[in-house]
Amino acid sequence: MKLRRLPETDLARIAPLPAAMKRRALQSFNSGGGSWSYEPARSQNFNIANPSNPLGLISPRPSIDKIKEIVSRRCRCDEQEESCLEVVDLFDHWYRQKSSGAVERVVPSMAIGSLGLVRYWENFFFQLNGRNTFLFIDYRRTNGLTAHARKFVFSMMHQQIRLADPDFFDSNLLVLRFPQGKEERVISESCVNDDDLYSLAELSQLIDETYSIWREVLAERHIVEPKRAAGGMFG
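Here it is as structure tokens:
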């Protein structure tokens, strides 16, 4: 039976939970995912930031209208298009107001054993309050990154960005969330707490335990669902 990889945001939300809560969360998790994703919006973060390359060269920034046109073309339904365009506008406004001097920096995805790769960062950094800053965006309107989940994300960023490159050891790590406010969606900023990070060993233990339970949950589903199907109308 193939072990389905958990999406990054769900892994971050579930991994820090105690084992019993992990199991309950995974039992209720829809491994098929939603009917659409924010990938069309995420794919344009590089264009919104328009970073210079490592040699200092910078290309003309696409207009926000052009960026939104690209996003719209990649969406598969009206709900996806409306939500993706909403967060593109929010991030574009936030970025132009608060940051500057983006520079391209390719940070490889992080391997989690034989389970594949995860990625909690963009391929650029920028200046925020005078510091080099790396970013992860959680677009979810609901069921996004909790405080414990953000600690997990920051710890992964710390390992793959700061510890992997001494030039960025003192860089800032930032999570932007897009929760639903009273009338409209808002941007919520969370910066890393350097005194509250998981070690690499702790991260490995959290991920291993999560996928061990996930494997058991999928095996249980594999046993139960065929029985239901075989039972037919009178089963």
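Counting in my numbering, the sequence shown runs from -16 upward without gaps.
Ideal placement from N, C-alpha and C gives every residue a C-beta, glycine not left out.
Burial of Leu159 is indicated by the presence of at least 16 other C-beta atoms within 10 angstroms of its C-beta. Assignment of beta-bridge partners to Gln163 by DSSP yields Arg168.
By the CB criterion at 8 Å, Phe108 and Asn115 fall inside the cutoff. Within the stretch 49 to 93, the complete alpha helix (DSSP H) segments of 4 residues or longer fall at 61 to 81, listed in chain order. Counting C-beta atoms within 10 angstroms of its own C-beta, Cys60 has fewer than 16 neighbours from the protein chains shown and is therefore classed as exposed. Between Ala130 and Pro23, the alpha-carbon positions lie close to 26 Å from each other.
For Met4, the number of other beta carbons within 10 angstroms of its own is below 16, and it is reported as exposed.
Taking every protein chain shown into account, the CB of Pro1 has fewer than 16 other CB atoms within 10 angstroms, so this residue is exposed. Going by C-alpha positions, Pro45 is about 14 Å away from Ser35. Nearest C-alpha to Thr(-8) among Val175, Asn155, Ala147 and Arg124: Arg124.
Relative to the Cα of Gly84, the nearest Cα in the group Gly99, Pro91, Gly39 and Ser182 belongs to Gly39. Judged by their CB atoms, Ala(-2) and Ile190 are nearer to each other than the 8 Å cut-off. Rounded to whole angstroms, the gap between the alpha carbons of Ser138 and Tyr181 is 5 Å. Per the C-alpha coordinates, the member of Ser26, Leu(-6) and Tyr78 positioned closest to Phe12 is Leu(-6).
For the set Ser42, Ile47 and Ile95, the Cα lying nearest the Cα of Gln27 is the one of Ile47. Look at Ile95 here: in three-state DSSP terms it is coil, with no helix or strand label. Judged by DSSP in its simplified three-state form, Asn176 adopts coil rather than helix or strand.
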